[in-house]
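Colleague: Start counting the sequence shown at 791; every next residue gets the next number (the working numbering).
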Amino acid sequence: MKAYRYAALALSLALLGACAQAKPRPRLKRQDYSVQPAPDQEAIILNMAQALSIAMHENLTVLTAEQNVESAKGRSKAASSALGPYLSLQGQGNAYDKVPNQPDNELLARVAVSQSLYSGGAKQARARQGKLGIKQAEQNLDNTKETVAMNVWNAFCDVLYRREVLRNTRNALDYYTNAEKELNSRVMYGLSTNLDLTRVRQQKENARAQNITAGNSLEASRIELCRLLRLPPETQLALAGSLEDGLPTVEKASTLPEDLDGALKTVLENRSDYQALRTAREVQAQEIKAARAGMLPSLSLSSGYRFGYHENGLSNANKDNQWTASLTLDVPVWDSGATAGNVKAAKANLKAAEHAVAEKEDSIKAEIADNWLGLINALETLSASRANVNLARESLDYAESGYREGVNTQLDVLQARSDLTNALQQLALSLKNARTAQAAVWKSQGYFLENAFRAVRGTDDYKPIGTANKK
(Lines of atoms letter the chains of each structure in order from A and count residues from 1; the text may use other names and numbers.)
(Lines give C-alpha, C1' and ligand atoms only; values in the text may rest on other atoms or scores of the structure.)
Protein backbone atom coordinates (compact mmCIF):
# COMPACT_ATOMS: atom_id res chain seq x y z
CA MET A 1 0.00 0.00 0.00
CA LYS A 2 2.82 2.41 0.84
CA ALA A 3 4.42 1.65 -2.52
CA TYR A 4 1.25 2.77 -4.33
CA ARG A 5 1.14 5.97 -2.34
CA TYR A 6 4.75 6.77 -3.19
CA ALA A 7 4.08 6.05 -6.85
CA ALA A 8 1.01 8.31 -6.93
CA LEU A 9 2.96 11.09 -5.22
CA ALA A 10 5.83 10.77 -7.69
CA LEU A 11 3.40 10.88 -10.63
CA SER A 12 1.74 14.01 -9.25
CA LEU A 13 5.08 15.76 -8.81
CA ALA A 14 6.08 14.85 -12.34
CA LEU A 15 2.85 16.21 -13.82
CA LEU A 16 3.18 19.39 -11.77
CA GLY A 17 6.73 19.88 -12.96
CA ALA A 18 5.67 19.38 -16.56
CA CYS A 19 2.92 21.94 -16.21
CA ALA A 20 5.31 24.41 -14.60
CA GLN A 21 7.77 23.99 -17.49
CA ALA A 22 5.10 24.22 -20.15
CA LYS A 23 3.56 27.39 -18.73
CA PRO A 24 5.72 30.39 -17.73
CA ARG A 25 5.37 31.94 -14.30
CA PRO A 26 2.35 34.25 -14.15
CA ARG A 27 3.04 37.93 -13.66
CA LEU A 28 1.07 40.96 -12.47
CA LYS A 29 0.56 43.05 -15.58
CA ARG A 30 0.17 46.80 -15.54
CA GLN A 31 -2.19 48.15 -18.18
CA ASP A 32 -2.16 51.51 -19.89
CA TYR A 33 -5.28 53.43 -18.92
CA SER A 34 -4.29 56.76 -20.41
CA VAL A 35 -6.52 56.26 -23.45
CA GLN A 36 -9.62 55.19 -21.59
CA PRO A 37 -12.64 57.41 -22.22
CA ALA A 38 -13.81 59.80 -19.56
CA PRO A 39 -16.90 58.75 -17.61
CA ASP A 40 -18.93 61.72 -18.83
CA GLN A 41 -18.86 61.07 -22.59
CA GLU A 42 -22.03 61.26 -24.68
CA ALA A 43 -23.04 64.39 -22.80
CA ILE A 44 -23.06 68.12 -23.48
CA ILE A 45 -19.55 69.14 -24.46
CA LEU A 46 -18.55 72.26 -22.57
CA ASN A 47 -15.23 74.08 -22.38
CA MET A 48 -14.14 76.72 -19.92
CA ALA A 49 -14.80 79.67 -22.23
CA GLN A 50 -18.34 78.47 -22.89
CA ALA A 51 -18.97 77.97 -19.19
CA LEU A 52 -17.81 81.48 -18.38
CA SER A 53 -19.93 82.98 -21.18
CA ILE A 54 -23.03 81.11 -20.01
CA ALA A 55 -22.49 82.31 -16.45
CA MET A 56 -22.19 85.93 -17.56
CA HIS A 57 -25.59 85.71 -19.28
CA GLU A 58 -27.52 83.26 -17.11
CA ASN A 59 -26.21 83.39 -13.54
CA LEU A 60 -28.84 84.86 -11.22
CA THR A 61 -26.30 86.81 -9.18
CA VAL A 62 -25.07 88.56 -12.33
CA LEU A 63 -28.63 89.20 -13.53
CA THR A 64 -29.51 90.70 -10.15
CA ALA A 65 -26.49 93.01 -10.32
CA GLU A 66 -27.58 94.11 -13.80
CA GLN A 67 -31.02 94.99 -12.47
CA ASN A 68 -29.36 96.96 -9.70
CA VAL A 69 -27.74 99.09 -12.40
CA GLU A 70 -31.14 99.70 -14.00
CA SER A 71 -32.57 100.59 -10.60
CA ALA A 72 -29.75 103.07 -10.01
CA LYS A 73 -30.45 104.68 -13.38
CA GLY A 74 -34.09 105.09 -12.39
CA ARG A 75 -33.20 106.69 -9.06
CA SER A 76 -30.73 109.00 -10.78
CA LYS A 77 -33.37 110.11 -13.27
CA ALA A 78 -35.82 110.77 -10.45
CA ALA A 79 -33.25 112.81 -8.52
CA SER A 80 -32.25 114.85 -11.57
CA SER A 81 -35.87 115.64 -12.42
CA ALA A 82 -36.09 117.81 -9.28
CA LEU A 83 -33.85 120.34 -11.02
CA GLY A 84 -36.26 120.79 -13.91
CA PRO A 85 -39.68 122.44 -14.17
CA TYR A 86 -42.91 120.80 -13.08
CA LEU A 87 -45.98 121.14 -15.27
CA SER A 88 -49.51 120.29 -14.12
CA LEU A 89 -53.06 120.56 -15.41
CA GLN A 90 -55.83 121.08 -12.88
CA GLY A 91 -59.57 120.83 -13.37
CA GLN A 92 -62.45 121.69 -11.04
CA GLY A 93 -66.22 121.52 -11.29
CA ASN A 94 -68.54 123.47 -8.94
CA ALA A 95 -72.25 123.21 -8.43
CA TYR A 96 -74.13 125.99 -6.55
CA ASP A 97 -77.62 125.90 -5.14
CA LYS A 98 -79.21 129.35 -5.11
CA VAL A 99 -75.97 131.15 -4.25
CA PRO A 100 -76.21 134.86 -5.02
CA ASN A 101 -74.11 136.12 -7.91
CA GLN A 102 -72.97 132.55 -8.78
CA PRO A 103 -74.03 130.35 -11.64
CA ASP A 104 -75.69 127.05 -10.99
CA ASN A 105 -72.79 125.11 -12.53
CA GLU A 106 -69.21 126.14 -13.14
CA LEU A 107 -66.17 124.47 -14.71
CA LEU A 108 -62.65 125.69 -13.93
CA ALA A 109 -59.30 124.67 -15.45
CA ARG A 110 -55.75 125.77 -14.70
CA VAL A 111 -52.37 125.07 -16.29
CA ALA A 112 -49.54 125.55 -13.80
CA VAL A 113 -45.75 125.36 -14.04
CA SER A 114 -43.27 125.57 -11.20
CA GLN A 115 -39.48 125.75 -11.07
CA SER A 116 -37.10 125.56 -8.14
CA LEU A 117 -34.56 128.33 -8.43
CA TYR A 118 -32.51 127.58 -5.33
CA SER A 119 -32.73 124.84 -2.72
CA GLY A 120 -29.57 125.33 -0.73
CA GLY A 121 -27.74 122.82 -2.95
CA ALA A 122 -29.82 119.87 -1.76
CA LYS A 123 -31.32 118.98 -5.13
CA GLN A 124 -27.99 119.38 -6.90
CA ALA A 125 -26.37 117.08 -4.33
CA ARG A 126 -29.12 114.49 -4.80
CA ALA A 127 -28.68 114.64 -8.57
CA ARG A 128 -24.93 114.07 -8.24
CA GLN A 129 -25.62 111.21 -5.82
CA GLY A 130 -27.86 109.63 -8.44
CA LYS A 131 -25.12 109.71 -11.08
CA LEU A 132 -22.62 108.35 -8.59
CA GLY A 133 -25.12 105.63 -7.74
CA ILE A 134 -25.10 104.49 -11.37
CA LYS A 135 -21.31 104.43 -11.35
CA GLN A 136 -21.23 102.44 -8.12
CA ALA A 137 -23.81 99.95 -9.39
CA GLU A 138 -21.78 99.39 -12.55
CA GLN A 139 -18.64 98.86 -10.48
CA ASN A 140 -20.51 96.38 -8.30
CA LEU A 141 -21.68 94.62 -11.46
CA ASP A 142 -18.09 94.29 -12.67
CA ASN A 143 -17.04 92.89 -9.30
CA THR A 144 -19.98 90.48 -9.32
CA LYS A 145 -19.01 89.21 -12.76
CA GLU A 146 -15.42 88.70 -11.61
CA THR A 147 -16.54 86.83 -8.50
CA VAL A 148 -19.06 84.63 -10.32
CA ALA A 149 -16.56 83.92 -13.09
CA MET A 150 -13.96 82.81 -10.56
CA ASN A 151 -16.55 80.59 -8.86
CA VAL A 152 -17.35 79.00 -12.22
CA TRP A 153 -13.63 78.60 -12.93
CA ASN A 154 -13.06 76.85 -9.60
CA ALA A 155 -16.16 74.68 -10.02
CA PHE A 156 -15.07 73.71 -13.55
CA CYS A 157 -11.59 72.81 -12.27
CA ASP A 158 -13.14 70.85 -9.40
CA VAL A 159 -15.11 68.73 -11.87
CA LEU A 160 -11.93 68.10 -13.88
CA TYR A 161 -10.15 67.15 -10.67
CA ARG A 162 -12.93 64.82 -9.53
CA ARG A 163 -12.94 63.25 -12.97
CA GLU A 164 -9.23 62.51 -12.70
CA VAL A 165 -9.72 61.07 -9.21
CA LEU A 166 -12.47 58.81 -10.54
CA ARG A 167 -10.26 57.75 -13.43
CA ASN A 168 -7.38 56.90 -11.10
CA THR A 169 -9.57 54.92 -8.70
CA ARG A 170 -11.13 53.03 -11.59
CA ASN A 171 -7.70 52.20 -12.98
CA ALA A 172 -6.60 50.95 -9.56
CA LEU A 173 -9.75 48.83 -9.30
CA ASP A 174 -9.09 47.33 -12.74
CA TYR A 175 -5.49 46.61 -11.77
CA TYR A 176 -6.47 44.72 -8.63
CA THR A 177 -9.24 42.89 -10.48
CA ASN A 178 -6.72 41.69 -13.04
CA ALA A 179 -4.26 40.77 -10.28
CA GLU A 180 -6.96 38.73 -8.53
CA LYS A 181 -7.58 36.70 -11.68
CA GLU A 182 -3.89 35.95 -12.08
CA LEU A 183 -3.47 35.04 -8.42
CA ASN A 184 -6.37 32.61 -8.68
CA SER A 185 -4.32 30.72 -11.25
CA ARG A 186 -1.23 30.87 -9.08
CA VAL A 187 -3.11 29.54 -6.09
CA MET A 188 -4.51 26.75 -8.23
CA TYR A 189 -0.99 25.62 -9.13
CA GLY A 190 0.35 26.17 -5.65
CA LEU A 191 2.59 29.09 -6.70
CA SER A 192 0.86 31.56 -4.36
CA THR A 193 -0.97 31.28 -1.10
CA ASN A 194 -4.52 32.13 -0.13
CA LEU A 195 -3.04 34.90 2.00
CA ASP A 196 -1.68 36.55 -1.16
CA LEU A 197 -5.07 36.24 -2.81
CA THR A 198 -6.84 37.69 0.22
CA ARG A 199 -4.49 40.66 0.24
CA VAL A 200 -5.27 41.42 -3.38
CA ARG A 201 -8.99 41.08 -2.76
CA GLN A 202 -8.70 43.44 0.18
CA GLN A 203 -6.93 45.99 -2.01
CA LYS A 204 -9.60 45.53 -4.68
CA GLU A 205 -12.45 46.18 -2.26
CA ASN A 206 -10.64 49.22 -0.90
CA ALA A 207 -10.23 50.51 -4.47
CA ARG A 208 -13.92 49.82 -5.11
CA ALA A 209 -14.92 51.90 -2.07
CA GLN A 210 -12.65 54.73 -3.22
CA ASN A 211 -14.13 54.51 -6.71
CA ILE A 212 -17.67 54.80 -5.36
CA THR A 213 -16.71 57.81 -3.22
CA ALA A 214 -14.98 59.44 -6.18
CA GLY A 215 -18.07 58.94 -8.36
CA ASN A 216 -20.33 60.55 -5.78
CA SER A 217 -17.94 63.47 -5.36
CA LEU A 218 -17.86 63.96 -9.12
CA GLU A 219 -21.66 64.05 -9.20
CA ALA A 220 -21.75 66.67 -6.44
CA SER A 221 -19.21 68.83 -8.29
CA ARG A 222 -21.14 68.49 -11.55
CA ILE A 223 -24.39 69.57 -9.88
CA GLU A 224 -22.69 72.62 -8.35
CA LEU A 225 -21.35 73.65 -11.76
CA CYS A 226 -24.81 73.20 -13.25
CA ARG A 227 -26.23 75.42 -10.51
CA LEU A 228 -23.80 78.21 -11.31
CA LEU A 229 -24.68 77.92 -15.01
CA ARG A 230 -28.44 77.56 -14.34
CA LEU A 231 -28.53 74.19 -16.03
CA PRO A 232 -30.84 71.40 -14.83
CA PRO A 233 -29.12 69.29 -12.12
CA GLU A 234 -29.50 66.16 -14.22
CA THR A 235 -27.56 67.66 -17.13
CA GLN A 236 -24.60 65.46 -18.05
CA LEU A 237 -21.50 67.45 -18.92
CA ALA A 238 -18.46 66.38 -20.90
CA LEU A 239 -15.92 69.00 -19.96
CA ALA A 240 -13.30 69.73 -22.57
CA GLY A 241 -9.81 70.68 -21.52
CA SER A 242 -7.36 69.61 -18.88
CA LEU A 243 -6.06 70.84 -15.56
CA GLU A 244 -2.70 71.29 -17.29
CA ASP A 245 -4.03 74.04 -19.60
CA GLY A 246 -2.55 77.51 -19.30
CA LEU A 247 -0.43 77.04 -16.20
CA PRO A 248 2.63 79.32 -16.00
CA THR A 249 6.06 78.14 -14.99
CA VAL A 250 7.48 78.96 -11.61
CA GLU A 251 9.94 81.34 -13.27
CA LYS A 252 7.21 83.35 -15.01
CA ALA A 253 4.99 83.43 -11.95
CA SER A 254 7.90 84.63 -9.81
CA THR A 255 8.51 87.68 -12.02
CA LEU A 256 7.74 90.94 -10.24
CA PRO A 257 7.29 94.35 -11.91
CA GLU A 258 10.12 96.83 -11.59
CA ASP A 259 7.85 99.64 -10.39
CA LEU A 260 5.95 98.14 -7.44
CA ASP A 261 4.21 101.40 -6.55
CA GLY A 262 2.99 101.81 -10.11
CA ALA A 263 1.88 98.19 -10.18
CA LEU A 264 -0.14 98.65 -7.00
CA LYS A 265 -1.75 101.77 -8.43
CA THR A 266 -2.73 99.81 -11.54
CA VAL A 267 -4.23 97.05 -9.43
CA LEU A 268 -6.29 99.53 -7.40
CA GLU A 269 -7.57 101.09 -10.62
CA ASN A 270 -8.57 97.66 -11.90
CA ARG A 271 -10.27 96.50 -8.72
CA SER A 272 -13.95 97.31 -9.18
CA ASP A 273 -14.76 96.53 -5.53
CA TYR A 274 -12.18 99.09 -4.39
CA GLN A 275 -13.46 101.68 -6.87
CA ALA A 276 -17.02 101.05 -5.67
CA LEU A 277 -15.95 101.95 -2.14
CA ARG A 278 -14.35 105.15 -3.39
CA THR A 279 -17.58 106.01 -5.18
CA ALA A 280 -19.50 105.33 -1.97
CA ARG A 281 -17.22 107.82 -0.25
CA GLU A 282 -18.12 110.45 -2.84
CA VAL A 283 -21.80 109.72 -2.29
CA GLN A 284 -21.38 110.36 1.42
CA ALA A 285 -19.61 113.65 0.69
CA GLN A 286 -22.66 114.77 -1.29
CA GLU A 287 -24.88 113.68 1.60
CA ILE A 288 -23.25 116.33 3.81
CA LYS A 289 -24.15 119.02 1.27
CA ALA A 290 -27.72 117.80 1.12
CA ALA A 291 -27.99 117.74 4.91
CA ARG A 292 -26.66 121.30 5.29
CA ALA A 293 -29.36 122.58 2.95
CA GLY A 294 -31.90 121.99 5.70
CA MET A 295 -31.15 125.42 7.23
CA LEU A 296 -30.50 127.27 3.97
CA PRO A 297 -33.12 129.42 2.19
CA SER A 298 -34.99 128.12 -0.83
CA LEU A 299 -36.50 130.02 -3.73
CA SER A 300 -39.11 128.81 -6.20
CA LEU A 301 -41.15 130.27 -9.05
CA SER A 302 -44.61 129.19 -10.15
CA SER A 303 -47.08 130.50 -12.71
CA GLY A 304 -50.28 129.41 -14.37
CA TYR A 305 -53.20 130.23 -16.56
CA ARG A 306 -56.76 129.89 -15.24
CA PHE A 307 -60.08 130.04 -16.99
CA GLY A 308 -63.67 129.07 -16.13
CA TYR A 309 -66.94 128.45 -17.95
CA HIS A 310 -70.59 128.09 -16.92
CA GLU A 311 -73.85 127.75 -18.73
CA ASN A 312 -74.13 131.52 -19.33
CA GLY A 313 -70.58 131.85 -20.63
CA LEU A 314 -67.54 133.35 -18.95
CA SER A 315 -68.35 135.48 -15.96
CA ASN A 316 -66.88 138.94 -15.43
CA ALA A 317 -64.71 137.57 -12.63
CA ASN A 318 -63.26 134.94 -14.92
CA LYS A 319 -62.51 137.40 -17.70
CA ASP A 320 -59.88 139.27 -15.64
CA ASN A 321 -56.60 138.21 -13.98
CA GLN A 322 -56.34 134.91 -15.89
CA TRP A 323 -52.53 134.81 -15.59
CA THR A 324 -50.90 134.19 -12.19
CA ALA A 325 -47.25 134.18 -11.12
CA SER A 326 -45.64 133.81 -7.71
CA LEU A 327 -42.10 133.89 -6.34
CA THR A 328 -41.70 132.08 -3.03
CA LEU A 329 -38.78 132.53 -0.65
CA ASP A 330 -38.51 130.17 2.32
CA VAL A 331 -35.96 131.00 5.04
CA PRO A 332 -35.65 128.40 7.84
CA VAL A 333 -35.18 129.89 11.30
CA TRP A 334 -35.26 126.95 13.73
CA ASP A 335 -35.70 123.20 13.18
CA SER A 336 -34.98 121.93 16.71
CA GLY A 337 -31.57 120.64 15.67
CA ALA A 338 -32.75 118.33 12.88
CA THR A 339 -30.30 119.75 10.33
CA ALA A 340 -27.39 119.69 12.78
CA GLY A 341 -28.14 116.04 13.57
CA ASN A 342 -28.30 115.12 9.89
CA VAL A 343 -25.01 116.88 9.18
CA LYS A 344 -23.32 115.14 12.09
CA ALA A 345 -24.56 111.74 10.92
CA ALA A 346 -23.45 112.46 7.33
CA LYS A 347 -19.97 113.44 8.48
CA ALA A 348 -19.68 110.27 10.53
CA ASN A 349 -20.77 108.19 7.54
CA LEU A 350 -18.18 109.93 5.37
CA LYS A 351 -15.48 109.14 7.89
CA ALA A 352 -16.59 105.51 7.95
CA ALA A 353 -16.52 105.41 4.13
CA GLU A 354 -12.96 106.76 4.15
CA HIS A 355 -11.95 104.10 6.66
CA ALA A 356 -13.53 101.44 4.46
CA VAL A 357 -11.47 102.63 1.48
CA ALA A 358 -8.24 102.60 3.50
CA GLU A 359 -9.04 99.19 4.95
CA LYS A 360 -9.79 97.79 1.51
CA GLU A 361 -6.50 99.13 0.17
CA ASP A 362 -4.59 97.39 2.96
CA SER A 363 -6.62 94.24 2.36
CA ILE A 364 -5.81 94.27 -1.35
CA LYS A 365 -2.10 94.60 -0.63
CA ALA A 366 -2.22 91.59 1.69
CA GLU A 367 -4.42 89.67 -0.75
CA ILE A 368 -1.99 90.20 -3.62
CA ALA A 369 0.96 89.04 -1.52
CA ASP A 370 -0.90 85.99 -0.19
CA ASN A 371 -2.22 84.94 -3.59
CA TRP A 372 1.15 85.44 -5.26
CA LEU A 373 2.89 83.30 -2.62
CA GLY A 374 0.06 80.79 -2.90
CA LEU A 375 0.58 80.48 -6.65
CA ILE A 376 4.34 80.02 -6.27
CA ASN A 377 3.79 77.39 -3.59
CA ALA A 378 1.17 75.61 -5.72
CA LEU A 379 3.45 75.51 -8.78
CA GLU A 380 6.40 74.24 -6.75
CA THR A 381 4.19 71.59 -5.14
CA LEU A 382 2.97 70.64 -8.60
CA SER A 383 6.56 70.15 -9.76
CA ALA A 384 7.24 67.91 -6.77
CA SER A 385 4.02 65.95 -7.42
CA ARG A 386 5.06 65.30 -11.01
CA ALA A 387 8.44 64.02 -9.84
CA ASN A 388 6.68 61.86 -7.25
CA VAL A 389 4.50 60.24 -9.93
CA ASN A 390 7.57 59.41 -12.02
CA LEU A 391 9.28 57.86 -9.01
CA ALA A 392 6.13 55.91 -8.13
CA ARG A 393 5.94 54.48 -11.66
CA GLU A 394 9.62 53.57 -11.48
CA SER A 395 9.13 51.91 -8.09
CA LEU A 396 6.23 49.87 -9.46
CA ASP A 397 8.37 48.74 -12.41
CA TYR A 398 11.13 47.63 -10.05
CA ALA A 399 8.66 45.90 -7.74
CA GLU A 400 7.03 43.98 -10.59
CA SER A 401 10.39 43.01 -12.10
CA GLY A 402 11.65 41.82 -8.73
CA TYR A 403 8.45 39.89 -8.14
CA ARG A 404 8.80 38.10 -11.45
CA GLU A 405 12.39 37.22 -10.59
CA GLY A 406 11.46 36.08 -7.09
CA VAL A 407 13.39 38.89 -5.36
CA ASN A 408 10.43 40.98 -4.15
CA THR A 409 7.27 39.86 -2.43
CA GLN A 410 3.70 40.46 -3.38
CA LEU A 411 3.45 43.06 -0.62
CA ASP A 412 6.13 45.11 -2.40
CA VAL A 413 4.05 45.13 -5.59
CA LEU A 414 0.82 46.01 -3.82
CA GLN A 415 2.48 48.80 -1.86
CA ALA A 416 4.10 50.19 -5.01
CA ARG A 417 0.75 50.18 -6.84
CA SER A 418 -0.94 51.88 -3.90
CA ASP A 419 1.82 54.48 -3.82
CA LEU A 420 1.30 55.15 -7.53
CA THR A 421 -2.43 55.68 -7.03
CA ASN A 422 -1.77 58.08 -4.18
CA ALA A 423 0.82 59.93 -6.25
CA LEU A 424 -1.60 60.30 -9.15
CA GLN A 425 -4.30 61.60 -6.82
CA GLN A 426 -1.87 64.08 -5.31
CA LEU A 427 -0.84 65.21 -8.79
CA ALA A 428 -4.47 65.84 -9.72
CA LEU A 429 -4.97 67.80 -6.51
CA SER A 430 -1.80 69.82 -7.12
CA LEU A 431 -2.98 70.68 -10.63
CA LYS A 432 -6.34 71.82 -9.30
CA ASN A 433 -4.69 73.90 -6.56
CA ALA A 434 -2.41 75.52 -9.13
CA ARG A 435 -5.35 76.44 -11.36
CA THR A 436 -7.36 77.90 -8.47
CA ALA A 437 -4.29 79.76 -7.19
CA GLN A 438 -3.80 81.19 -10.67
CA ALA A 439 -7.43 82.33 -10.65
CA ALA A 440 -6.97 83.96 -7.24
CA VAL A 441 -4.02 85.97 -8.55
CA TRP A 442 -6.03 87.17 -11.54
CA LYS A 443 -8.94 88.10 -9.27
CA SER A 444 -6.68 90.06 -6.93
CA GLN A 445 -5.26 91.93 -9.93
CA GLY A 446 -8.77 92.99 -10.92
CA TYR A 447 -9.05 91.51 -14.41
CA PHE A 448 -9.92 87.86 -13.92
CA LEU A 449 -12.27 87.56 -16.90
CA GLU A 450 -9.77 88.98 -19.38
CA ASN A 451 -6.98 86.65 -18.28
CA ALA A 452 -9.33 83.67 -18.00
CA PHE A 453 -10.58 84.00 -21.58
CA ARG A 454 -7.02 84.55 -22.80
CA ALA A 455 -5.83 81.40 -21.03
CA VAL A 456 -8.62 79.08 -22.19
CA ARG A 457 -8.27 80.27 -25.77
CA GLY A 458 -4.65 79.22 -25.84
CA THR A 459 -3.08 82.69 -26.01
CA ASP A 460 -2.05 82.96 -22.39
CA ASP A 461 1.01 85.03 -21.68
CA TYR A 462 1.30 85.22 -17.92
CA LYS A 463 1.26 88.80 -16.68
CA PRO A 464 3.16 89.73 -13.52
CA ILE A 465 1.12 91.19 -10.71
CA GLY A 466 0.14 94.78 -11.41
CA THR A 467 0.50 94.60 -15.19
CA ALA A 468 -2.27 96.61 -16.79
CA ASN A 469 -4.49 94.76 -19.24
CA LYS A 470 -7.54 96.97 -19.26
CA LYS A 471 -7.70 99.85 -21.67
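Glycine included, C-beta positions come from ideal geometry on N, C-alpha and C.
This one's a predicted model, so the numbers in the text were calculated from it and none came from an experiment.
Do the stretch 870-885 and the stretch 848-859 touch if we need at least three Cβ pairs shorter than 8 Å?
Modeller: No: fewer than three Cβ pairs fall under 8 Å.
Colleague: Here's a check: name, in chain order, each residue in its chain whose Cβ is nearer than 8 Å to the Cβ of serine 802, leaving out the five neighbours to either side.
Modeller: In this predicted model, serine 802 has a pLDDT of only 46, less than 50, meaning its place in the structure is not dependable enough to derive any value.
Colleague: Taking C-beta to C-beta, are arginine 1082 and valine 1121 nearer than 7 Å?
Modeller: No; because the gap between Cβ atoms is not below 7 Å, this pair is not in contact.
Colleague: Here's a check: name, in chain order, each residue in its chain whose Cβ is nearer than 6 Å to the Cβ of alanine 1227, leaving out the five neighbours to either side.
Modeller: Result list for alanine 1227: Gly1164, Leu1165, Ala1168, in chain order.
Colleague: Going by the CB atoms, is the gap between arginine 916 and alanine 1075 shorter than 7 Å?
Modeller: Contact: no.
Colleague: On the premise that alanine 997 lies in contact with alanine 962, defined as a C-beta separation below 8 Å, what is that separation, rounded to the nearest angstrom?
Modeller: About 4 Å; that satisfies the 8 Å criterion.
Colleague: Would you mind reading off the limits of the beta strand (DSSP E) that contains serine 1032?
Modeller: Where serine 1032 is concerned, there is no enclosing beta strand (DSSP E), given that its DSSP letter is neither H nor E.
Colleague: Going along the chain, which residues of its own chain have a beta-carbon closer than 7 Å to the beta-carbon of leucine 1214, five neighbours each way excluded?
Modeller: Here the set comprises Asn958, Val1179.
Colleague: Distance, Cα to Cα, asparagine 1241 vs asparagine 933?
Modeller: When rounded, the distance between both Cα atoms is 15 Å.
Colleague: Label alanine 927 either buried or exposed according to how many other C-beta atoms from any shown protein chain fall within 10 Å of its C-beta, with 16 as the threshold for buried.
Modeller: Label assigned to alanine 927: buried.
Colleague: Relative to the C-alpha of alanine 899, which residue among Ser906, Leu1029, Tyr908, Gly881 is closest?
Modeller: Cα-wise, what sits closest to alanine 899 is Gly881.
Colleague: According to DSSP, simplified to helix, strand and coil, what is arginine 1096?
Modeller: Three-state DSSP puts arginine 1096 in a strand.
Colleague: Whole-angstrom Cβ separation of arginine 952 and leucine 1008, contact assumed at under 8 Å?
Modeller: Indeed, because the Cβ distance is near 4 Å, the residues count as touching under 8 Å.
Colleague: If I'm right that isoleucine 834 touches alanine 1028 with Cβ under 8 Å, what's the distance once you round it to whole angstroms?
Modeller: Their Cβ separation, rounded to whole angstroms, is 7 Å, which keeps isoleucine 834 and alanine 1028 in contact under 8 Å.
Colleague: Could you tell me the alpha carbon to alpha carbon distance between tyrosine 1095 and leucine 897, rounded to whole angstroms?
Modeller: Rounded to whole angstroms, tyrosine 1095 to leucine 897 spans 14 Å at the Cα level.
Colleague: Based on Cα-Cα distance, which residue from Gln929, Gly1196, Ala872 lies nearest to serine 1090?
Modeller: Ranking Gln929, Gly1196, Ala872 by Cα distance to serine 1090 puts Ala872 first.
Colleague: Between glycine 920 and serine 843, is the Cβ-Cβ spacing less than 7 Å?
Modeller: Going by C-beta atoms, glycine 920 is not nearer than 7 Å to serine 843.
Colleague: Measure the C-alpha to C-alpha separation of alanine 1043 and valine 942 and round it to an integer number of angstroms.
Modeller: Roughly 23 Å separates the two Cα atoms.
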